[in-house]
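Shown next as structure tokens:
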């Protein structure tokens with residue numbers, strides 16, 4: 030994985046599973062001309078990959094062994110039970126790397 034940072038950090042790498050879907054709120058079917066859909070984007074899971082990675086300002090190459098559990102099928106089934114199987118339309122599934130760093134902020138500095 031190649032990633033660019035604005036300054037030196039110590040980061041943790043996670044994989045984030047996200048699902049994008051529509052829920053029909055009006056109409057008798059998805060093809061109904063009076064159908065209305067409510068968009069959703071849910072973060073399903075964060076999977077820790079590697080902690081304590083020292084990165085420098087600029088482009089960095091990070092290597093790690095990664096295994097992502099199967100999370101989408103079970104979540105889609107829960108959505109269908111919650112909203113109704115005929116009302117849920119899955120538009121996309123994503124697994125993406127996310128870097129999390131501890132940052133310090135100065136809120137007030139006197140003198």
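In the working numbering, the protein residues as written are 30 to 140. Quick reminder that beta carbons are idealized off the backbone N, C-alpha and C, glycines included.
What is the rounded straight-line gap between the Cα of residue 129 and the Cα of residue 66?
-> 33 angstroms
Does the Cβ of residue 116 have 16 or more other Cβ atoms within 10 Å, making it buried, or fewer, making it exposed?
-> Label assigned to residue 116: buried.
What does a CB cutoff of less than 6 angstroms around residue 46 pick up in its chain, not counting 5 residues either side in sequence?
-> 73, 74, 100 and 124
Alpha helix (DSSP H) runs wholly inside the stretch 54-122, at least 4 long, in chain order = Taken in chain order, the unbroken stretches of alpha helix (DSSP H) that lie wholly in the stretch 54-122 and span 4 residues or more are 101-112.
For residue 30, does the count of other Cβ atoms within 10 angstroms reach 16, so buried, or fall short, so exposed?
-> exposed
Put residue 49 into one of helix, strand or coil per three-state DSSP.
-> strand
Element boundaries [beta strand (DSSP E), containing residue 33] | 31-34
Reference residue 109, options 79, 51 and 96, closest by Cα = 51
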